[in-house]
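Some notes on the structure that comes next.
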Amino acid sequence: MMRPLIPQGRISGYARALMMGSLRLALGAGVAFFIAGCTCTDSREKTGVASNASSLAQASASGSVSATPTAQRPPRPTQAAPKPETITALSSDRFKLHVSRWKAKEPSTVSVLLVHRLGGDRSEWTPLIERLLPSDEPMDIVSFDLRGHGESTVDPAKPNRPVHWSSFDLATFEKMDGDVEAVMGLHEKGNKFKWILVGSDLGANLVVRQAHRRSDNIVAVALVSPGASLRGLELYRPFASVLELPNLLLAGTKDTVSDEPVRLLGQMSKTSTRVTWDVSGHGAEALGKERWQMWDELANWIDERVRGTRTMVETEGSASPPASASSGGVGSVGSVEVSKPAP
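According to our numbering, the sequence shown is numbered sequentially starting from 420.
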């Protein structure tokens, strides 16, 4: 039986948090300023916050996140993505989904699922895959085209007429939850992987909803440009049920769709790392074009999650990640915010 979207006793608290409006956000920003000691409005102040968060993280167990701004790290090495294994998954309503998969060179217990933006396709993640493949951390990488996108356009009910997402009603968009589940199930084939879910725009909302549905083996989620409700796929209530998962929130402060949701999610969760840039790009592809560092930020965070999860599996055999496997895990230093203004 699916558990309630918001645990009993918390409903009123979350309702108040989401309804307070601009005054609530202003107060939250003031508290964040008091705790962090700065608002990261220039490179000097940003360095101070990052160094403090990094020191606290290093004092905890392995797998903890460093909030050091990517601009102060050397760029990640990249390599052209090798040809992936291409497979197809069938959703519960028999919709054929085209999948690309890169398997780790050595056996891995961690898989990374990438879910693209509305109107995009799985090629959106090419810059990220080119950064993850040279990584020393063994991980399987899985990406696919949602129904009505890319190569996934054959509706079994109308096999001779390609379908496009622009013709979908809200009920059809809800079926995309099943698309994500079908791809994960195909990759698992009876094996129990620990999953890191990464989504862009509509894909961000979908991975949060999936984390709510099967939180037993989801160890972290990364959201690039999520929206409060995209094509009827709600964000806040499913996110409220997975507040303790390590989560990365990436957005542009001038992105009118995602700026407010990212700030609210960061306030709701003690396990959030929120990184923003003073740009308007929406979705991983657009945001990455405006700030290539976004791809490094995301890849670094995924590496840290894989490392922490692998260590946990090898040494503890636990079914859930340790609290220190995120910046601000339960009982650790609290959420971390890094704001990166445009030069």
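All C-beta atoms, glycine included, are put in the ideal place defined by N, C-alpha and C. Please read these numbers as outputs of a predicted model, since none were measured by experiment.
Query raised in the report: Is the segment 644-652 in contact with the segment 591-609, if contact means three or more CB pairs nearer than 8 Å?
Result: yes
Report task. Go to Asp559, then tell me how far its beta strand (DSSP E) extends in each direction, as first and last residue. Result -> 559-563
Query raised in the report: What does Asp635 pair with, by DSSP beta-bridge criteria?
Result: The partner list for Asp635 (beta bridge, DSSP) is empty, contrary to what the question assumes.
Query - Top-ranked residue by Cα proximity to Ser699, from Glu556, Pro503, Val676, Ile721 - result: Val676
Query raised in the report: Can you tell me whether DSSP reads His517 as helix, strand or coil?
Result: strand
Query raised in the report: Quick one: complete alpha helix (DSSP H) runs, 4+ long, within the segment 524-584?
Result: 545-551
**Report entry** Local conformation of Met438 per DSSP, three classes
**Finding:** With a pLDDT of only 39 at Met438, under 50, the local geometry of the prediction cannot be trusted, and no value is derived from it.
Query raised in the report: For Ser660, does the three-state DSSP call read helix, strand or coil?
Result: coil
Query - From Asp715, Glu549, Pro493, Gly567, residue whose alpha carbon lies closest to that of Trp584 - result: Gly567
Report task. Output the distance between the C-alpha atoms of Arg633 and Leu664, rounded to the nearest integer angstrom. Result -> 12 Å
Query - Cα-Cα separation, Thr497 to His631 - result: 33 Å
Query raised in the report: Could you give the uninterrupted runs of the beta strand (DSSP E) lying entirely in the segment 644-721, keeping only those of 3 residues or more?
Result: 666-671, 691-696
Requested in this report: Assign Asn610 to one of two classes, buried (16 or more other C-beta atoms within 10 Å of its C-beta) or exposed (fewer than that).
Outcome: exposed
Query - Boundaries of the alpha helix (DSSP H) in which Thr591 is found, first to last residue - result: 589-593
**Report entry** Inter-stretch contact at 8 Å, needing at least 3 Cβ pairs: the segment 506-522 / the segment 671-690
**Finding:** no
Query - Of the residues Arg536, Trp714, Arg550, the one placed nearest Asn624, counting alpha carbons only - result: Arg536
Query raised in the report: Comparing alpha-carbon positions, which option in Asp674, Arg726, Glu525, Leu552 lies nearest Asp620?
Result: Asp674
Query raised in the report: How far does the beta strand (DSSP E) with Ser510 in it reach, from first residue to last?
Result: That residue, Ser510, is in no beta strand (DSSP E); it is neither H nor E in DSSP.
Query raised in the report: Do you know offhand how far Leu668's Cα is from Asp588's?
Result: 28 Å
Query raised in the report: Between the segment 682-690 and the segment 708-716, do three or more beta carbon pairs fall short of 8 Å?
Result: no
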